[in-house]
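Novice:
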Amino acid sequence: MASQVLVAANRGPLSYALAEDGTLSARRGGGGLVSGLSAALAEQPDALWICAALSGADREAVRRGVAEPGVRMLDIDPAVYDDAYNGIANSVLWFLHHHLYDIPREPVFDAEFRRRWASYVTYNGAFAEALAEEAAQGACVLVQDYHLALVPGLLRDLRPDLRIGHFTHTPWASPDFLRMLPDDIRGQLLWGMLGADQVGFHTGEWAREFTASAEPGAPVAVFPLGVDGDELRALAHRPEVDGKLARLREQTRGLKTIVRVDRTELSKNILRGLLAYRELLTVHPEWRGRVVHLASAYPSRQDLEAYRAYTRSVEELAASVNEEFGTADWQPVVVSVEDDFARSLAVYRMADVALVNPVRDGMNLVAKEIPVVSDAGCVLVLSTGAGAYGELREDALTVNPYDVTQTAEALHTALSMPAAERADRTKRLAAAATSLPPAQWLTAQLDALRG
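Count along the sequence shown from 1, add 397, and you get the number used in the working numbering.
1) Determine whether the beta carbon atoms of valine 477 and serine 516 lie at a separation below 8 angstroms.
2) For isoleucine 667, count the other beta carbons within 10 Å of its own beta carbon; 16 or more makes it buried, fewer makes it exposed. Which is it?
3) Using 8 angstroms as the cut-off, can you tell me whether the region 593-611 makes contact with the region 556-568, which would need three or more C-beta pairs spanning the two stretches below that distance?
4) Using 8 angstroms as the limit for Cβ to Cβ distance, is valine 617 near chain B?
5) How is the beta strand (DSSP E) around lysine 382 delimited, first residue to last?
6) Rounded to the nearest angstrom, what separates alanine 820 and alanine 716 at their Cα positions?
7) When DSSP labels each residue in this structure, what does serine 693 get in the three-state scheme?
8) Are there three or more Cβ pairs, one per stretch, closer than 8 angstroms when the region 404-417 is compared with the region 439-452?
9) Determine the direct distance from the alpha carbon of glycine 782 to that of arginine 825, and round the result to whole angstroms.
10) Please confirm if the region 543-559 is in contact with the region 588-601, defined as three or more CB-CB distances below 8 angstroms between the two stretches.
11) For asparagine 754 versus threonine 804, is the C-beta spacing smaller than 8 angstroms?
12) To the nearest angstrom, report how far apart arginine 556 and alanine 529 are at their CA atoms.
13) Taking the Cβ atom as the reference point for each residue, do serine 780 and proline 768 lie within a distance shorter than 8 angstroms?
14) Decide if isoleucine 485 is buried, meaning its Cβ has at least 16 other Cβ atoms within 10 Å, or exposed.
15) Beta carbon of valine 538, beta carbon of leucine 559: below 8 angstroms?
16) For valine 770, which of helix, strand or coil comes out of DSSP?
17) Would you give the residue range spanned by the beta strand (DSSP E) that glutamine 595 belongs to?
18) Could you check which residue in Ala845, Gly848, Thr840 and Arg847 has the C-alpha nearest to that of glutamate 440?
19) What are the boundary residues of the alpha helix (DSSP H) that methionine 590 is part of?
20) Using DSSP with H/G/I as helix, E/B as strand and the rest coil, what is arginine 425?
21) In or out: methionine 398 buried (at least 16 other Cβ within 10 Å) or exposed?
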């Protein structure tokens, strides 16, 4: 049956596991975006989510014809997928949009790059063809993120009757950075995006960066994704989270807590955050023995050497701070590298100070999630590089992400803030954070497309 509403994304709402006896089982995906999109699509008749088969078990499910209602997985050749996902999306587009290149050395656009770009075109083409097959006449198609930047243009050629939206969850590269791309590749990228009736971003800043490189009159809209407060609070008060919270409270012995929860992603600025904490302990020695920095840094993209090196640097710097300031009964930094959502929620609940200091970030939902579930209220130290900055800056302590001294002083101010002021700020932050939860975020885009 043809669908009236379709979502296309690299990652789907479920994944498969293959048992030793050959049995396949499906598991729902986690995370606020997947949950929110799933909830919103459940309210749409005959909605369909098209995604890539990411694992061997996923591909086996496709080959066997195993299908969950409302989901279609694409079995894309693994070599093509690796070129498109790691070789282009994560090694080129991500670096461009986040301004991460080490300019004297990178980027290098050579024959190998163009071979990988051909795979990126093939990968996007597979999505466009599947969407064209599955969409009803005049259907709404919502394409997600930089992995699928060419899909709108390709799909427009196949199905001009469709209403197509594309949403980018990252920042968009400034014109100077985008001009690093070879002229023909940059032209393809913009052509792909402008095949959409509506190009969406989290913030006006990212939308302006796009329009500065696109043709005049580009159909741009802003939809700042929020969090579902009720769902998040329910998740944060499950028995599993309560147990982890009790163990963390025992471990920290009632000391003040500065928390951060990130992937070890280059843009998250974890190293400068640790440097700021070290400067706090140096310049304000009164906090020694009175505060613990809980740094959850989940390994990310470890198949790329730049990310493996960054993860090692985070662990080494944390160990250096502990060696410099630690005592027999006080460990200044506790680093967790385990991807444990229940533990993250426990950390959220016990936060006195939340440090979110990315150099450049599409939104950063952690900045919105922590104030929503913090038990006693927390002070948010937020960098100007976070997409959430525009919505949360009035009640956060804002910092230049490169200014370690300013960040250290903001941490001192946050730790010293009176409880009443902290509670008031947290209440206003939580209200702002929940103003456009995922289901409403998606519905707003559909309404705008249909309008």
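Beta carbons are placed, not taken as given, at the ideal position from N, Cα and C, and that holds for glycine.
Specialist: So, from the listed chains and residues:
1) Their beta carbons are under 8 angstroms apart, which means valine 477 touches serine 516 by this criterion.
2) buried
3) yes
4) No chain B is part of this structure, which consists of one protein chain only.
5) Residue coverage of the chain in this structure runs from 398 to 848, which leaves residue 382 outside it and unanswerable.
6) 33 angstroms
7) strand
8) yes
9) 21 angstroms
10) yes
11) yes
12) 6 angstroms
13) no
14) In summary, isoleucine 485 is buried, with 16 or more beta-carbon neighbours lying within 10 Å of its beta-carbon over all protein chains present.
15) With contacts defined by Cβ atoms closer than 8 angstroms, valine 538 and leucine 559 form a contacting pair.
16) Three-state result, valine 770: helix.
17) 595-598
18) Closest by C-alpha distance to glutamate 440, out of Ala845, Gly848, Thr840 and Arg847, is Thr840.
19) 580-590
20) Secondary structure at arginine 425: strand, using DSSP grouped into helix, strand and coil.
21) exposed
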